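*Asks:*
Encoded structure:
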């Protein structure tokens, strides 16, 4: 297997006795971006969870930075995510009892790299949410939350950025802003970027695209 | 930002829920600790004043009233007894008795009781004179350590006693009493007493202004035959016993061998065969502890019930919080938090409620204790420890952490088992 930052091979996931999805092999290098495009129900989120080590596939291999992540223990996978993988979701969720800054501070505490406050605040300023650092997250707008979510994913310079429908809940302007920000952050950190979405607006912004097929239902064969 | 800070912020984010849990937890700890502190001080006060007294003789009446009056000086005497009747117990040579002390309960000075007795009372209570001398002639007194501290009386000072046993009971007598000594602190009831000879007490009650029917010494007998002042300097036991027609209030008795069969039967024999009453303090106090125990046990059970409710309440609050913040916890896992981190986060929330609730409870217990101690000091002149450190304080700290652990363990285990994929997919 050639050395890519992320490489998958023959991934399948069985939802039930009759429903199994097989996913195309993926290779992505550092600083590359990839779009996984598909309609609802094709297993986009499932694939993203498999790539990030959240969900074990029924079959197949996910190699990240030279290691099969499912050879690692659950705790090792958790730590790997904290150190090397940033995730962005369609609905950004934060600890509501904490401020925006505290949420970012908390996310850095799970990784091994030390990130000081000035770095976090500089990143927040860059994403134009610096003035909201001491605000409780439930006072932030959807756009601000999504930017905060990007900041959280990018802290600590991860090697892989995974985004699950990052623009689906946003209007065109905000969607463009988010995509631009993701690309900018990716270029600065040299991370690989994978976006899974059904949002066709993203397609033009990303060079490589893989279309995901409708899952194969054994009963229908 | 660490997990304990997140745990605390999560708790204060729901202030009403936190307040309820703290009140419940604090009430359970506070009530239990308060009972322990009070019970402990009460027993210490009682035990300190047992002073090896094996039997108290007095006028017919209630066992407990006699013990509380003669030994603890917090109740009215059951009456008076004739010296003639007590002779057998007060004179030397009784085969069962090691030491006996006559006491005549007189009036008070600023709430501190004046007791007529002789010098053997110091041997009984193992007390010594710190300054000056023991009372000798009529009208001289030796005051207890707490009396000196509270009243400011010094050697050479004169004062007039007030009628009755408590400060507010009556008027001042004409007789002047003179302080000749101050006792060393003993930690027992002598600290709170003004000691004098029985003759002083008799004299005070034989002045023309004395005409009040109550149970303090001299009030029950006629004043006709003793309308003059005594001037006794002979404080010997034989001299006291020569006043056969006079009365004292009690005789405190220490046996040679408290396990001697005849000694054990002596109180009953006195009750049966003399006009007097007698009681063994150890027996009477066992009855008292039993009666008191019923009340204490009831409150203790209420405290335990509150603690259980508090434990369940914390568990429910954490479980509800877990349900509401499942997605947030899953996001923490996505960011690199391990299952153990989530387990710890929930346990920390339980422990924080327990720790703060414990501190709140300890504060409430000590406030309650201070209020009670002040009341006891005001009413009975018993000085309790200012800030008693009881092992229960440490035991409750450990128990609180354990309750916090129990209360949060189920939600914590659920957080540990949280399926991130399913949670994030919903």
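Protein chains in written order, with this note's numbering: chain R, 1 to 221; chain Z, 1 to 426.
We put the beta carbon where it would ideally sit given N, CA and C, even for glycine.
Keep in mind that this is a model prediction, so the values were computed, not measured.
1) Could you tell me the distance, in whole angstroms, from the CA atom of residue 21 (chain R) to the CA atom of residue 14 (chain Z)?
2) State the start and end residues of the unbroken beta strand (DSSP E) segment that holds residue 87 (chain R).
3) Give, in chain order, every residue of the stretch 2-15 of chain Z whose Cβ lies closer than 7 Å to some Cβ of chain R.
4) Are residue 30 (chain Z) and residue 363 (chain Z) touching if we call contact CB-CB under 9 Å?
5) For residue 409 (chain Z), which option in Z:349, Z:398, Z:136 and Z:379 has the closest C-alpha, if you only look at C-alpha atoms?
6) Among Z:301, Z:18 and Z:249, whose alpha-carbon lies nearest the alpha-carbon of residue 28 (chain Z)?
7) Interface residues of chain Z around residue 94 (chain R) at Cβ under 9 Å?
8) Which bits of chain Z does residue 54 (chain R) rub up against, with CB to CB less than 8 Å?
9) Using a Cβ-Cβ cut-off of less than 8 Å, list which residues of the stretch 332-358 of chain Z approach chain A; keep chain order.
10) On the criterion of 16 or more Cβ atoms from any shown chain inside 10 Å, does residue 114 (chain R) qualify as buried, or is it exposed?
11) Determine, using beta carbons only, whether residue 325 (chain Z) comes closer than 9 Å to chain R.
12) Does the distance from the CB of residue 191 (chain Z) to the CB of residue 251 (chain Z) come in under 9 Å?
13) So, helix, strand or coil for residue 389 (chain Z), using DSSP?
14) Does DSSP put residue 47 (chain Z) in a helix, in a strand, or in coil?
15) Is it the case that the stretch 416-423 of chain Z contacts the stretch 319-339 of chain Z, given that we only count it when at least three CB pairs across the two stretches are under 8 Å?
16) Quick one: does residue 32 (chain R) have its CB under 9 Å from some CB of chain Z?
17) Taking residue 82 (chain R) as the reference, which of R:108, R:57, R:166 and R:96 has the closest Cα?
18) When the distance is taken between beta carbons, is residue 80 (chain Z) closer than 9 Å to residue 249 (chain Z)?
19) Could you tell me the boundaries of the alpha helix (DSSP H) in which residue 425 (chain Z) lies?
20) To which residues does DSSP link residue 49 (chain R) through a beta bridge?
21) Considering only their Cβ atoms, is the gap separating residue 28 (chain R) from residue 163 (chain R) smaller than 9 Å?
22) Could you check the C-alpha separation between residue 6 (chain R) and residue 26 (chain R) for me, to the nearest Å?
23) What do you get for residue 332 (chain Z), buried or exposed, if any count of 16 or more other CB atoms within 10 angstroms of its CB means buried?
24) Of all the residues that make up the stretch 104-136 of chain R, which are near chain Z by a beta-carbon distance shorter than 7 Å?
25) Residue 411 (chain Z) and residue 322 (chain Z) - do their beta-carbons sit closer together than 9 Å?
26) Could you tell me whether the stretch 97-114 of chain Z touches the stretch 193-202 of chain Z, where touching means 3 or more Cβ pairs closer than 8 Å?
27) Return the CA-CA distance between residue 176 (chain Z) and residue 156 (chain Z), expressed in angstroms with no decimal places.
28) Please name the residues in the stretch 141-175 of chain R whose beta-carbon is closer than 8 Å to at least one beta-carbon of chain Z, in chain order.
29) In the DSSP output, which residue or residues are listed as bridge partners for residue 178 (chain Z)?
30) Note down the Cα distance separating residue 117 (chain R) from residue 98 (chain R), rounded to an integer number of angstroms.
31) Cα-Cα, which of Z:19, Z:23 and Z:35 is closest to residue 368 (chain Z)?
32) Give the DSSP-derived three-state secondary structure of residue 131 (chain Z) in the structure shown.
33) If contacts are defined as beta-carbon pairs under 8 Å, then residue 89 (chain Z) and residue 279 (chain Z) qualify, I think. What distance do you get, rounded to the angstrom?
34) Taking the runs of the alpha helix (DSSP H) that are 4 residues or longer, which of them lie wholly in the stretch 40-119 of chain Z?
35) Drop a sphere of 10 angstroms on the beta-carbon of residue 127 (chain R), count the other beta-carbons inside from all chains shown, and report buried for 16 or more, exposed for fewer.
36) If you draw a straight line from the alpha carbon of residue 145 (chain Z) to that of residue 122 (chain Z), how long is it in whole angstroms?
*Replies:* The short version:
1) 43 Å
2) 85-88
3) 2, 6, 9, 10 and 13
4) yes
5) Z:349
6) Z:301
7) 328 and 331
8) 333, 334, 420, 421 and 424
9) The structure shown has no chain A; the protein chains it does contain are R and Z.
10) exposed
11) yes
12) no
13) coil
14) helix
15) yes
16) no
17) R:108
18) yes
19) 420-425
20) The partner list for residue 49 (chain R) (beta bridge, DSSP) is empty, contrary to what the question assumes.
21) no
22) 7 Å
23) buried
24) 105, 106, 107, 109, 110 and 111
25) yes
26) yes
27) 12 Å
28) 152
29) Z:140 and Z:158
30) 15 Å
31) Z:35
32) strand
33) About 14 Å separates the two Cβ atoms, so there is no contact after all.
34) 63-70 and 83-90
35) buried
36) 13 Å
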